[in-house]
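Peer 1: This is the structure I have questions about; it appears just below.
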Amino acid sequence: MTRVLAPLAGQVIPLSDVNDPVFAEKIVGSGLAIIPDTLTAHGHSDVVSPIAGTIIKALPHAFVVRSADGPAVLVHVGLDTVKADTSSFMVVEGDHSTVETAQPVVSWRPAHLVDGGFDLTTPVIVMDSSDAMIGSHAEYGTHVQAGDFLFEILPA
């Protein structure tokens with residue numbers, strides 16, 4: 006069993022509430038999403054690794070970390086943020102980096118994205134998984150801090 010931690014602070018919501026069918030319909034996998042806190046983050050803010058492992062892909066707006074025992078977790082920072090100005094993000098840890106849980110991977114400017122009209126909802130997905138692989142999880146509607154328990158991945 007792998008514990009997945011919140012990559013940033015905010016309110017926990019089910020994927021079905023995400024305003025993007027790729028995530029809401031769980032096309033890439035199951036998990037949860039977080040509506041990030043934005044009022045206190047006027048400068049850069051860190052998005053941390055939800056698990057310990059190796060970064061298999063790091064993009065400015067998203068990253069995938071694979072744990073030593075297999076599961077890969079995608080953190081997609083905001084929706085449609087691939088279209089955001091590159092000054093909104095900075096990759097801290099790149100492809101093939103080994104990271105610890107709660108280690109910063111991406112730095113971002115939430116207020117800058119809000120000003121650009123982007124939805125900051127951040128899906129946290131176990132790649133190629135089903136709902137059956139998601140065990141206990143933070144209650145929907147609750148507030149989490151970066152590094153707090155988000156959900157557990159059960160063996161396939």
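For any residue, its number in my numbering is found by taking its place in the sequence shown, counting from 1, and adding 5.
Where a beta carbon is used, it is the ideal one built from N, C-alpha and C, also for glycine.
Starting from the C-beta of residue 118, find all residues in its chain whose C-beta is less than 7 Å away, skip the five residues before and the five after it, and write them out in chain order.
Peer 2: Stepping through the sequence shown from its first residue, residue 118 is reached at position 113. Result list for residue 118: 83, 86, 89, 93, 125, in chain order.
Peer 1: Compute the Euclidean distance between the alpha carbons of residue 102 and residue 121, then round it to the nearest angstrom.
Peer 2: Numbered from 1 along the sequence shown, position 97 holds the residue referred to as residue 102. Numbered from 1 along the sequence shown, position 116 holds the residue referred to as residue 121. One C-alpha to the other measures close to 30 Å.
Peer 1: In the stretch 18-60, which residue ranges form an unbroken beta strand (DSSP E) of at least 3 residues, counting only runs that do not cross its ends?
Peer 2: Taking only runs of at least 3 residues, the beta strand (DSSP E) segments lying wholly in the stretch 18-60 are 34-41, 50-53.
Peer 1: Quick one: grab the DSSP three-state call for residue 89.
Peer 2: Start at 1 with the first residue of the sequence shown, and residue 89 comes out as number 84. In this structure, residue 89 counts as coil in the three-state DSSP scheme.
Peer 1: Tell me which residue opens and which closes the beta strand (DSSP E) that residue 79 is part of.
Peer 2: What you label residue 79 is simply residue 74 of the sequence shown in a count that begins at 1. Element bounds for residue 79: 77-81.
Peer 1: Residue range of the beta strand (DSSP E) that residue 142 falls in?
Peer 2: Looking up residue 142 in the sequence shown gives position 137. Counting along the chain, the beta strand (DSSP E) containing residue 142 begins and ends at 139-142.
Peer 1: May I ask which residues mark the beginning and end of the beta strand (DSSP E) holding residue 155?
Peer 2: Taking the first residue of the sequence shown as 1, we reach residue 155 at position 150. Residue 155 -> beta strand (DSSP E) spans 154-158.
Peer 1: DSSP state of residue 74, grouped into three classes?
Peer 2: The residue you call residue 74 lines up with position 69 of the sequence shown. Coil, per DSSP.
Peer 1: For the pair the stretch 48-59 and the stretch 142-159, tell me if three or more CB-CB distances fall below 8 Å.
Peer 2: Output reads yes: the stretch 142-159 touches the stretch 48-59.
Peer 1: Assess, as a yes-or-no matter, whether the stretch 16-26 is touched by the stretch 106-115 under the definition of 3 or more beta carbon pairs within less than 8 Å.
Peer 2: Cβ pair count under 8 Å is below three, so no.
Peer 1: Closest to residue 164 by C-alpha separation, out of 39, 91, 14, 132, would be which residue?
Peer 2: Past the edges of the chain, shown from 6 to 161, lies residue 164, and the structure says nothing about it.
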